[in-house]
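To start, the structure under review is shown below, and the notes come after it.
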Amino acid sequence: MYATISSGWSLALFLLCAIVFVGISILFLFLRKKINIACEVIVEASKCVMFFPSTLLFPLLPCFICLIVTVFSGTVGIALYVIAVKFDGPLHVKLFHIFNSFGYLWVASFIGSLSQFILSGTFATWFWTHNKNNVPKDTLVRCTKITFNHHLGTIAFGSLILAVCQFIKALLNFIKKRLEGKCNPLACLCCGCYTRLFGRLEKIVRYINRNAYIMCAVHGKNFLESAKDAFNLLMRNVVKVFIINNVTDVILFLGQVFATTLSVLGAYKYCTAENMPQQATSFVLIAVLIISLMTTTFISTALRIAIDTIFLCVLEDYERNDGSERQPYYMSFKLKTLFLEE
C-alpha cells in the first residue's frame, strides 16, 4: 500500500513539473521578442556604463555622505536620549526626537535621489546623442552642475514624499511593538497590515521617483509633470516593463553571486597555496567577501539606473520618432529591428 501511495505522489509530482515546464515554455514562446528587447536594453546599458567608467564608483560618494549623516543623526539621538533621562522626558525633547528621525530619513532619501538624478542625466545624454563618440567624457561633471543649478527642488520634493512614507511605516512599526501583549490581537493585526501597506507604498514611490527623475533629467520639467509622463509611458508598455524589471533583477542578482563567489574562491586558493594559518585565512576570506559585496553592490546600482534610463529613453524614442531622415531613431539598429519586428 505504501508503495502505491509513493508511486502516486511521484506521478503527481512528475505531472506538476511537466505542466509547469510546458507553461513556462509557452510563456517564453509568446514573450520571446519582449525578452529579446529586455536583453538588448541591458546590453546597451552596459555599453553606456562602460563609456563612463567613473559612474561605477560614483555611488560610493553618496554612500559615504549618507554614513556621515547617519553618524551625525545617531549622535543627536543619543544626546536627546541622555537629556530625556536626566530631565524625565520633557515634551520638547520628544518633539526633537521626531524631528531628528524625520530629518534623517529626508536627508538620506535626498542624497540617494541626487545620485540617481545625476546618473540618469549622464546616461540619458549618452542615449540622446546620435554619434556616441561625440558625447563629452566629462558628462558626469556637467550633469552634476546642471542638477545642482536647476533640479534640487525636484529632488527635494520627491525625497520628501518617500521620507513621509518611510516615517509613517517606522511609526506604525514602533506602535505595533509597543502594543504587542498590551491589547487585543486585532489591534496588533491592523497595525501590522498598515505597516505592510506603507512598506508596499514605499516601494511604489521609489519606483515612481526613479522614473520621474529620468524624465526630468531628459526634459527638465517639474517633478509632478515628469512623474505623470513617466507613468503614462510605462503604462502604455506595461508588459515590456514587467519583463525587463524581472530579467534585470535576475541578471544582476546572478552577477553579484557569481562575482562574489569567484572572488572568495580565488582568495581561498591563494591562502591555501601560501599555506596561511587558519585565522589569517578566515580574516582574508571575510575581508574579500565584504569588499566583493560592496563592489558588486555599487556596480549593480549604477547598472540598474543605466538600464532604467536607457529603457525609458528607448520607449520614448520609439513613440516620438519614426525612423525617417527628419526623425531618426536614437536607439541601436538591433533594438530598432526588435521593436519593428514585434
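Going by the numbering used here, the final residue of the sequence shown carries number 1224, and the count climbs one at a time with no gaps.
Using N, Cα and C, we set each Cβ at its ideal position, and we do this for glycine too.
H1032 versus W1008: straight-line alpha-carbon distance, rounded
Rounded to whole angstroms, H1032 to W1008 spans 20 angstroms at the Cα level.
beta-carbon F1140 near the ligand GDP non-hydrogen atom, thresh 7 angstroms
This structure simply doesn't include the ligand GDP, nor any ligand for that matter.
For M883, which residues from the same chain have a beta carbon less than 8 angstroms from its beta carbon, with the 5 sequence-adjacent residues on both sides left out?
Low local confidence applies: a pLDDT of 49 at M883 is under 50, so the model's placement there is unreliable, with the coordinate-based value given in what follows. For M883, where only same-chain residues beyond five positions count, there are no Cβ hits under 8 angstroms.
Contact between the segment 991-1011 and the segment 1019-1038 is defined here as three or more beta-carbon pairs at a separation below 8 angstroms; is this criterion met?
yes
With a threshold of 16 other CB atoms inside 10 Å of the CB of K1122, please say whether the residue is buried or exposed.
buried
Measure the Cβ-Cβ separation of F984 and I1037 and say whether it is below 8 angstroms.
no
Where does G1148 land, buried or exposed, given buried means 16+ other C-beta within 10 angstroms?
exposed
Can you say whether G1040 is buried or exposed, counting buried as having 16 or more other CB atoms within 10 angstroms of its CB?
Result: buried.
Pair within 8 angstroms by beta-carbon distance, Q1160 and R1092:
no
State the Cα-Cα distance for the pair F969 and L962, rounded to the nearest angstrom.
11 angstroms
Buried or exposed: where does D1131 fall if 16 or more other Cβ atoms within 10 Å of its Cβ makes it buried?
exposed
Segments of 4+ residues assigned as alpha helix (DSSP H) that fall wholly inside the segment 932-988
942-968
Only counting the same chain, and skipping five residues up and downstream in sequence, which positions put a Cβ closer than 7 angstroms to that of W988?
S1041, L1042 and A1045
What distance in whole Å lies between the Cβ atoms of I1096 and F923, which are believed to be in contact at a cut-off of 8 angstroms?
Contrary to the premise, residue 923 reads as Val rather than Phe in this sequence. With 8 angstroms as the limit, V923 and I1096 do not qualify as a contact, their Cβ atoms being about 13 angstroms apart.
Counted within 10 angstroms of its Cβ, other Cβ atoms place N1119 as buried (16 or more) or exposed:
buried
Quick one: is Q1048 buried, meaning 16 or more other Cβ sit within 10 Å of its Cβ, or exposed?
buried
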